[in-house]
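Visitor: Got a structure here, written out as structure tokens. Questions coming.
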Ligand SMILES: *Cc1c(COP(=O)(O)O)cnc(C)c1O
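In our numbering, the protein residues as written are 68 to 324.
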């Protein structure tokens, strides 16, 4: 396990991706404030290019590639928000991107990835089969894997959201952040706890397949059964060989619900 991602890496990421991402608004929500009985703000990150915060981490990771890695290109097995973000970031940087996916992935998702300039490679009948192809591209074709959460540059990129939020809301006392693999909340917590240690950071997972919460309870990364859920951006485990996010969430996040 390596040292946690810290504020200097997050500030460097912010400067690096400044022209590549859109700083998104933080707006008060009258209806949620009324229901909660306290002022509630929302970070409008759904307005980010490609539709999610994943562009922050992917842009930072692609921008940090050295010449050899840029020449080899990047690969990932995500067909969701991370795949879209990586495709977009790679095209911008002039780097080849291969997104591997199973034959079960719907045609419209394949087309969306191709429209972003990436090569969609269809392999096998499961996400695991797609990951095997990513591993092969790395071993045999000199490509670099940029995973969706357990990667220092990805975590640092997501952490830029934390800086934007504490700057937009000086009176902030609790941050509620959705949580799956933990790249988002690890980066945010690292930024916020360094700048404003009194702010509480609370992670929210879906009930069906809360891998990080189960891992925290077990004291090590564990696998949980995945069940169908409406929260389909939160699917997937944290990886039994988790290197960064498990320790960061354990050490920096106040509570996981
Ligand atoms: C990826 C993603 C998450 C989960 O982020 P992690 O870094 O895996 O915890 C939550 N919400 C959306 C919209 C996402 O795309």
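Think of the CB as a built atom: it goes at the ideal place given N, C-alpha and C, for glycine as much as any other residue.
So, with DSSP's three-state summary, where would you put residue 245?
Guide: In the structure shown, residue 245 sits in a strand (DSSP, three-state: E or B).
Visitor: Under 8 Å Cβ to Cβ from residue 94, same chain only, skipping five residues before and after it: list those, please.
Guide: Answer for residue 94: 108, 109 and 111, listed in chain order.
Visitor: Suppose you measure from the CA of residue 184 to the CA of residue 291; what does that come to, to the nearest Å?
Guide: Computed Cα separation, rounded: 34 Å.
Visitor: Out of curiosity, what's the CA-to-CA distance linking residue 238 and residue 106?
Guide: Roughly 10 Å separates the two Cα atoms.
Visitor: Nearer than 6 Å: is that true of the beta carbon of residue 119 relative to any heavy atom of ligand 1?
Guide: Yes, the Cβ of residue 119 comes within 6 Å of a heavy atom of ligand 1.
Visitor: Compute the Euclidean distance between the alpha carbons of residue 190 and residue 115, then round it to the nearest angstrom.
Guide: Taking the straight line joining both Cα atoms gives about 30 Å.
Visitor: Please report the residue range of the beta strand (DSSP E) in which residue 86 lies.
Guide: Segment: none, residue 86 is in no beta strand (DSSP E) and carries neither H nor E.
Visitor: Taking the DSSP output, what are the residues bridged to residue 322?
Guide: Answer is 269.
Visitor: Spell out a yes or no on whether the segment 308-322 and the segment 248-266 are touching, meaning 3 or more CB-CB pairs, one atom from each, closer than 8 Å.
Guide: Contact holds: three or more Cβ-Cβ distances are below 8 Å.
Visitor: Which same chain residues end up closer than 7 Å to residue 100 when comparing Cβ atoms and leaving out the 5 residues on each side of it in sequence?
Guide: Hits under 7 Å: 106 and 107.
Visitor: Identify which residue in 175, 266 and 159 has its Cα closest to the Cα of residue 127.
Guide: If we check each option's Cα against that of residue 127, 159 comes out closest.
Visitor: Would you tell me roughly how many angstroms separate the C-alpha atoms of residue 295 and residue 273, rounded to the nearest one?
Guide: In a straight line, the C-alpha of residue 295 is about 11 Å away from that of residue 273.
Visitor: Any contact of the segment 196-213 with the segment 138-154, i.e. 3+ C-beta pairs under 8 Å?
Guide: Flag = yes, the segment 196-213 and the segment 138-154 touch.
Visitor: Counting Cβ pairs closer than 8 Å, one from the segment 224-242 and one from the segment 161-173, do we hit at least three?
Guide: Output reads no: the segment 161-173 does not touch the segment 224-242.
Visitor: Can you grab the Cα-Cα spacing for the pair residue 130 / residue 322, in whole Å?
Guide: Answer to the nearest angstrom: the Cα atoms are 33 Å apart.
Visitor: Under 6 Å from any heavy atom of ligand 1, does the C-beta of residue 313 make it?
Guide: Flag unset: Cβ of residue 313 not near ligand 1.
Visitor: Beta strand (DSSP E) containing residue 168: first to last residue?
Guide: Counting along the chain, the beta strand (DSSP E) containing residue 168 begins and ends at 164-168.
Visitor: Leaving out five residues before and five after residue 152 in sequence, what residues of the same chain have Cβ atoms less than 6 Å from its Cβ?
Guide: These residues qualify, in order along the chain: 117, 121, 122 and 125.
Visitor: Just the C-alpha distance for residue 71 and residue 176, rounded to the nearest angstrom, thanks.
Guide: Residue 71 and residue 176: Cα-Cα distance of roughly 34 Å.
Visitor: According to DSSP, what are the bridge partners of residue 109?
Guide: Its beta-bridge partners are 94.
Visitor: Could you tell me which of 301, 286 and 302 sits nearest to residue 316, measuring between CA atoms?
Guide: Ranking 301, 286 and 302 by Cα distance to residue 316 puts 286 first.
Visitor: Can you tell me where the alpha helix (DSSP H) with residue 129 in it begins and where it stops?
Guide: Looking at the DSSP string, the run of the alpha helix (DSSP H) that includes residue 129 is 121-130.
Visitor: Could you give the C-beta distance for residue 254 and residue 223, rounded to a whole number, given that I count them as a contact under 8 Å?
Guide: Contact flag correct, Cβ pair sits at about 6 Å.
Visitor: Identify the continuous alpha helix (DSSP H) that holds residue 255 and give its terminal residues.
Guide: 250-262 is the extent of the alpha helix (DSSP H) around residue 255.
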